[in-house]
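With the first letter of the sequence shown counted as 1, position 265 gets the number 265 in UniProt numbering; the numbers rise by one all the way through. Cβ atoms here follow ideal geometry from the backbone N, Cα and C, with glycine treated the same way.
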Amino acid sequence: MELSFGLFVPKRILMAAKYRGLNLHPSLLPDLRGGAPLQYTLLCERELTGVSLQTLDYRYFDRGIVLAQSPSDPADPSALRIPPTCTTVAALKELVTPAATRMLVAGLRAGVYLPPYEPKGWNPDPKTLAHAPKVTPHDKQLTLSRFREIDQETSSAERRGTLVRRQDAIGPLWFLSRDAQGQQKRIIIDAVEEAPGLSPANRPSMVTIVDPEDTTNKNHDDSASSPKLYPIPFEDGEPQTYSESTTKPLDQPNMHLNFWYPAGHAAKEEKYALYLGNYRVLSLKVEGGGPKPTLHALLGFIIK
Numbered sequence: 001m002e003l004s005f006g007l008f009v010p011k012r013i014l015m016a017a018k019y020r021g022l023n024l025h026p027s028l029l030p031d032l033r034g035g036a037p038l039q040y041t042l043l044c045e046r047e048l049t050g051v052s053l054q055t056l057d058y059r060y061f062d063r064g065i066v067l068a069q070s071p072s073d074p075a076d077p078s079a080l081r082i083p084p085t086c087t088t089v090a091a092l093k094e095l096v097t098p099a100a101t102r103m104l105v106a107g108l109r110a111g112v113y114l115p116p117y118e119p120k121g122w123n124p125d126p127k128t129l130a131h132a133p134k135v136t137p138h139d140k141q142l143t144l145s146r147f148r149e150i151d152q153e154t155s156s157a158e159r160r161g162t163l164v165r166r167q168d169a170i171g172p173l174w175f176l177s178r179d180a181q182g183q184q185k186r187i188i189i190d191a192v193e194e195a196p197g198l199s200p201a202n203r204p205s206m207v208t209i210v211d212p213e214d215t216t217n218k219n220h221d222d223s224a225s226s227p228k229l230y231p232i233p234f235e236d237g238e239p240q241t242y243s244e245s246t247t248k249p250l251d252q253p254n255m256h257l258n259f260w261y262p263a264g265h266a267a268k269e270e271k272y273a274l275y276l277g278n279y280r281v282l283s284l285k286v287e288g289g290g291p292k293p294t295l296h297a298l299l300g301f302i303i304k
């Protein structure tokens, strides 16, 4: 029996076992094959989840014969629907674990592992399927393209915003900046929440590309009706090594990440949290340090 092993079981071991082996996978296979099905269930905004009991294949991940499976029809009363409050991997795991336990016990008692095998999986439209590879550090990085995608989304009461959904599914998310001493740093989002009611008209864009030859300060507008801006340097791409980060110039535009808080508010009133796009960032961690209120964490990065 294999449970979230994450590696191939060698052919010699499978062939030596009397019944070849079984695997419990927390998704409705063939949807979300891979090492991170729970994370991608949340990322893909699936409304239904489930468990699949499959045979082990020594050549491919999650391509065994499905011997038992949760209902794939949302109309089925026993289908495992994901409630709106289930927004984290821990909560989703808690939801599927009882179903997985029942399926394993029932499958062993029914002898589903005895050949000839009887396939029990569903046959979805291949176009609707997603892959669920292992989560990498790059998946957690907020790049320019990801910030732009998040910035352009429309707020909806029915749909969680991409930033909080991604933070809950695979976080903590992080991005690259450069402090006042010129050192590239990884800044990690510790806590973030949606800020409903904000419109594009009364907030700055997340990232702006600036002309280094333009000496006018366009980052700050002190009028009472304008948001208070706290721009910091933003860098795209792979993190540099320590030796490179102060000596190797980046071949990319000069960019700012625009933190802010609404007009008429005070930093203390916001408990030193800052906004980023349509989100309220409560706390951050600069690599090597602990969590701090966002404004305090960014003091060494803010462009004056």
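(message) Going by the DSSP bridge assignment, what does Q141 pair with across the sheet?
(response) W174
(request) Note down the Cα distance separating P233 from L274, rounded to an integer number of angstroms. (result) 16 Å
(message) What would DSSP say about V105, mapped onto helix, strand or coil?
(response) helix
(request) Can you grab the Cα-Cα spacing for the pair E235 / T208, in whole Å? (result) 11 Å
(request) State the beta-bridge partners of K292 as determined by DSSP. (result) L284
(message) Helix, strand or coil for Y230? Go by DSSP, reduced to three states.
(response) strand
(request) May I have the straight-line CA-CA distance separating V210 from Y261, to the nearest angstrom? (result) 21 Å
(request) State the DSSP-derived secondary structure class of R146, mapped to helix, strand or coil. (result) helix
(request) Identify the continuous alpha helix (DSSP H) that holds T41 and give its terminal residues. (result) 37-43
(message) Using a Cβ distance threshold of 8 Å, determine whether the stretch 28-40 contacts the stretch 124-143, with at least three qualifying pairs required.
(response) yes
(message) Please state whether the Cβ-Cβ distance between L295 and F147 is less than 9 Å.
(response) no
(message) Under 8 Å, with one C-beta from each stretch per pair, do the stretch 166-179 and the stretch 34-44 reach the 3-pair mark?
(response) yes
(message) Report the CB separation of L53 from V112 in whole angstroms; it is logged as a contact under 8 Å.
(response) 7 Å
(request) My understanding is that F301 touches D151, with C-beta atoms under 8 Å, so please give their C-beta distance in whole angstroms. (result) In fact, because the Cβ distance is near 20 Å, the residues do not count as touching under 8 Å.
(message) As a quick exercise: from K11, V51, E149, pick the residue whose alpha carbon is nearest that of P98.
(response) V51
(request) Report yes if the C-beta distance between V192 and L299 is below 9 Å; otherwise report no. (result) no
(request) Please report the Cβ distance between E287 and R166, rounded to the nearest whole angstrom; I am assuming they are in contact, meaning their Cβ atoms lie under 8 Å. (result) So it is not a contact: roughly 19 Å between Cβ atoms.
(request) Report, in whole angstroms, the separation of the C-beta atoms of L24 and L104, which I expect to be a contact under 8 Å. (result) 6 Å
(request) Report the three-state DSSP secondary structure of E94 (helix, strand or coil). (result) helix
(request) Starting from H256, follow the beta strand (DSSP E) in both directions and report where the run begins and ends. (result) 254-261
(request) State yes or no: is the C-beta of I188 within less than 9 Å of the C-beta of L284? (result) yes
(request) Please say whether P26 and V135 have beta carbons closer to each other than 9 Å? (result) no
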